[in-house]
Amino acid sequence: MHRKAVRWAIIGAVIIAVVGLGYWGVKALSAGDDKGKLVMATKPVTRGDLEVTVRGWGMLQATEEQDAIAGAEGIVKDVFFQPGQQVTKGQVLATIDPGSLEVKIKQAEIQLDLQRVQLAKAFGVSPDKVADVDPASALLLRSPISGRITGLAAQAGGTVTGQVCSIVDDSRLLIRLELPKPLFDKVKVGQKTTFMPHRFDGKDPGVVTKADPTPIAGQQAFFYEVWVEMANPGLLKVGDEGILLIHTPSGDVQQKAKITSYATEEAVMSPFNGKVKSVFVKEGVTVKAGDPILEFEPGEALLQAMGLQLDFKKKAVELEDLKSQLQNLIITSPIDGVALNRNVNPGQAIGKGTIITRISNYTRMNLMLQVDEMDVPKIAEGQRADVIAWGPQGQQKVQGVVSRIGATGDPRDGLASFNITVAVDNPGFLRPGMGAEAQIFVSKKENVLLCPVEAVYKENDKWFVDVKEGKERKPVEVQLGLMNDTFAEVLSGLKEGQEVVVGMTKQPDNQSGGGRGPVKAVPMPW
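For the sequence shown, the working numbering assigns the number 14 to the initial residue and increments by one for each residue that follows.
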């Protein structure tokens, strides 16, 4: 039977007993049969201390339990504990080999730097400000350098994707040569040059900026790359041909040459697909670094800009997380206690957040009780409790204190139960998960008049007892105070020493040998 059902059955039986005792007892005095007569069983009214308790049963829990968690991914290198072992806060439990973690960090740094540069161009700010700039600034596409607009591929109302245009600084020109070994050996970086274009008369000075000794395979021999940079007097352009003289100590090296490229040229790329609202430049015009080239319509373009910035921030956080893992290759105990289990072994691959063990500190424990709603109003925090659990010498008593009373009940079978927590100092044999019973001392009175609880009964909302007067019993109304399973406190109506009826027994009268036969108990109606 369920514990609550048993409790209600007992309460009902006691009520039937105390209410019915008066009527049944009077009948019993006058009743008789051929086999014997009924006599009163009495107990005296005494004086003493009365203590009221509430009992409950529950499970013991540790007051503090925490997981020891891996702060990094990698391979378990060493494990320094066993299940059931006592550990202290900060004690090393295991170590982790980072494995490829350092490589992942380097890759993440490179990727983040590349993304930072791309956003700096898109937002028109320095790389250190890309995380904080307003994404709306990306709607205005600006020139990254000073120079001339070439290859413009955008118009108002249209959609752009990829390259918008190029910006060339045509004030400086580059010429690339491939020289055979004998001529290359004469050339050094820093040597002066003269370029004589075919389109018009002129001699334009320059300088060797690069002489690469890495051989380039030709059809019949190896060649070596040389770069020359020179100022543009204003008429030269990429593709112009002429004669280049490289002035060396052993004489001029003369070669046919063609202007290869501008010294500074940068493609302007759209950071996202978007509809163009306005275009501020034309083909061939000269712009300065930071000048606006075009403006996107807000909407989809702005959402893309916000997404790019958020992705950058996410990658930055992920990089910091990887770096922090490198500082968390040692796993320590978070608290003093006992290692309940062991979830990892050397050589095992684990991820960040893996629980390697659970540490339980059960020097002080909590007994979690379920108490019926009728008893909860009697209980208060700080009340003393006796906790009874199985120990080395069988059932043992441990002192506890009520530390918490549940705010809400759990209704079942028409009767709510409340969670009551009793704090217990562990003498050493208690363990989490053990069952225990608690007796909570809710009230106590000293030197009061005590009546056996089985003598009291109730009629018309009044308490009565039957007092023995000679061979008779007399109902007496009483005022009661505290009551437990054994005694009721008598406030008025009785005196110390009075005998009160607690039951009836049957005495046989067919006795042999002139002696008295044994007194047989009459079954009580409850």
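Glycine included, each C-beta is placed from N, C-alpha and C at the ideal position.
Candidates the options, of which the one nearest residue i by Cα
{"i": "Ala-329", "options": "Gly-103, Lys-481 and Ile-118", "result": "Ile-118"}
{"i": "Thr-108", "options": "Thr-163, Leu-125 and Glu-86", "result": "Glu-86"}
{"i": "Arg-212", "options": "Gly-203, Ile-256 and Trp-240", "result": "Ile-256"}
{"i": "Phe-94", "options": "Gly-366, Ile-88 and Val-105", "result": "Val-105"}
{"i": "Arg-425", "options": "Ala-451, Glu-386, Lys-326 and Pro-390", "result": "Glu-386"}
{"i": "Met-72", "options": "Cys-464, Pro-488, Lys-471 and Glu-450", "result": "Glu-450"}
{"i": "Ser-184", "options": "Phe-197, Gly-215, Glu-242 and Ala-144", "result": "Glu-242"}
{"i": "Pro-96", "options": "Ala-135, Arg-371 and Ala-362", "result": "Arg-371"}
{"i": "Val-239", "options": "Lys-216, Gln-233, Gly-203 and Asp-214", "result": "Gly-203"}
{"i": "Ile-158", "options": "Ala-302, Asp-198 and Gly-297", "result": "Ala-302"}
{"i": "Glu-485", "options": "Ser-456, Thr-222, Glu-512 and Tyr-470", "result": "Glu-512"}
{"i": "Gln-383", "options": "Thr-367, Glu-490, Ser-430 and Val-92", "result": "Ser-430"}
{"i": "Gly-84", "options": "Gly-419, Tyr-470 and Asp-334", "result": "Asp-334"}
{"i": "Val-130", "options": "Tyr-375, Pro-284 and Lys-194", "result": "Pro-284"}
Residue i versus residue j - alpha carbon distance
{"i": "Val-248", "j": "Lys-288", "result": "According to the sequence as given, residue 248 is Leu; it is not Val. Straight-line Cα distance between these residues: approximately 37 Å."}
{"i": "Met-209", "j": "Val-200", "result": "19 Å"}
{"i": "Ala-402", "j": "Asn-432", "result": "19 Å"}
{"i": "Phe-454", "j": "Glu-394", "result": "11 Å"}
{"i": "Thr-277", "j": "Gly-219", "result": "16 Å"}
{"i": "Leu-573", "j": "Ile-348", "result": "A query on residue 573 cannot be resolved here, the shown segment of the chain reaching from 14 to 539 and no further."}
{"i": "Ile-343", "j": "Thr-76", "result": "26 Å"}
{"i": "Met-378", "j": "Leu-462", "result": "38 Å"}
{"i": "Val-515", "j": "Asp-399", "result": "30 Å"}
{"i": "Leu-504", "j": "Gly-448", "result": "39 Å"}
{"i": "Ile-188", "j": "Lys-271", "result": "6 Å"}
{"i": "Asp-324", "j": "Ser-156", "result": "24 Å"}
{"i": "Asn-358", "j": "Leu-114", "result": "20 Å"}
{"i": "Ala-169", "j": "Val-292", "result": "6 Å"}
{"i": "Met-496", "j": "Asp-438", "result": "30 Å"}
{"i": "Gly-413", "j": "Gln-74", "result": "13 Å"}
{"i": "Thr-12", "j": "Ser-179", "result": "Residue 12 lies beyond the range of the chain shown here (14 to 539); nothing can be said about it."}
{"i": "Lys-365", "j": "Thr-101", "result": "23 Å"}
{"i": "Asp-423", "j": "Ala-501", "result": "31 Å"}
{"i": "Asp-214", "j": "Val-266", "result": "20 Å"}
{"i": "Gly-407", "j": "Lys-56", "result": "34 Å"}
{"i": "Met-537", "j": "Pro-488", "result": "Per-residue confidence for Met-537 stands at a pLDDT of 36, beneath the threshold of 50, marking its modelled position as unreliable; the derived number appears in the next sentence. Met-537 and Pro-488: Cα-Cα distance of roughly 18 Å."}
{"i": "Ala-224", "j": "Ala-280", "result": "26 Å"}
{"i": "Cys-464", "j": "Lys-475", "result": "16 Å"}
{"i": "Phe-236", "j": "Ala-230", "result": "6 Å"}
{"i": "Pro-111", "j": "Met-282", "result": "39 Å"}
{"i": "Leu-428", "j": "Val-389", "result": "12 Å"}
Extent of the continuous alpha helix (DSSP H) to which residue i belongs
{"i": "Lys-290", "result": "It is not in any alpha helix (DSSP H) - Lys-290 instead sits in the beta strand (DSSP E) that spans 287–292."}
{"i": "Pro-195", "result": "194–197"}
{"i": "Gly-320", "result": "313–339"}
{"i": "Val-357", "result": "Where Val-357 is concerned, there is no enclosing alpha helix (DSSP H), given that its DSSP letter is neither H nor E."}
{"i": "Ala-133", "result": "114–136"}
Local Cβ density within 10 Å of residue i, reported as buried at 16 or more and exposed below that
{"i": "Leu-190", "result": "buried"}
{"i": "Gly-69", "result": "buried"}
{"i": "Pro-405", "result": "exposed"}
{"i": "Leu-34", "result": "Below a pLDDT of 50, predicted positions are generally treated as unreliable, and Leu-34, at 43, falls in that range; the measurement from the model is reported next regardless. Leu-34 is buried by the Cβ-count criterion."}
{"i": "Ala-468", "result": "buried"}
{"i": "Val-415", "result": "buried"}
{"i": "Ser-43", "result": "Only weak support exists for where Ser-43 lies, its pLDDT of 40 falling under 50; the coordinates are left without a value."}
{"i": "Asp-217", "result": "buried"}
{"i": "Gln-322", "result": "buried"}
{"i": "Ile-369", "result": "buried"}
{"i": "Thr-227", "result": "exposed"}
{"i": "Gln-340", "result": "exposed"}
{"i": "Pro-367", "result": "In the sequence as presented, Pro is not what sits at residue 367; that position holds Thr. Burial call: buried."}
{"i": "Thr-499", "result": "exposed"}
{"i": "Gln-338", "result": "buried"}
Range of the contiguous beta strand (DSSP E) that encloses residue i
{"i": "Gln-74", "result": "59–82"}
{"i": "Phe-235", "result": "235–244"}
{"i": "Met-10", "result": "No statement about residue 10 is possible, as the shown extent of the chain runs from 14 to 539 and does not include it."}
{"i": "Ile-392", "result": "Per DSSP, Ile-392 belongs to no beta strand (DSSP E) and is neither H nor E."}
{"i": "Pro-305", "result": "305–309"}
{"i": "Met-209", "result": "205–210"}
{"i": "Asp-438", "result": "428–438"}
{"i": "Glu-545", "result": "Only positions 14 to 539 of the chain appear in this structure, which leaves residue 545 out of reach."}
{"i": "Asp-479", "result": "475–482"}
{"i": "Gln-408", "result": "407–425"}
{"i": "Thr-227", "result": "217–230"}
{"i": "Asn-497", "result": "Here Asn-497 belongs to no beta strand (DSSP E), and DSSP marks it neither H nor E."}
{"i": "Ser-456", "result": "448–465"}
{"i": "Ala-144", "result": "Looking at the DSSP string, Ala-144 is not in any beta strand (DSSP E), and its letter there is neither H nor E."}
{"i": "Asp-91", "result": "87–92"}
### the stretch 119–126 touching the stretch 249–266, judged by at least three CB pairs closer than 8 Å
no
### Message
Tell me whether the stretch 299–313 and the stretch 148–166 touch, counting them as touching only if at least three CB pairs, one residue from each stretch, are closer than 8 Å.
### Response
yes
### Query
Between the stretch 169–180 and the stretch 284–301, do three or more beta carbon pairs fall short of 8 Å?
yes
### Task
Taking 8 Å as the threshold, find out whether the stretch 505–513 comes into contact with the stretch 477–488 through three or more Cβ pairs.
yes
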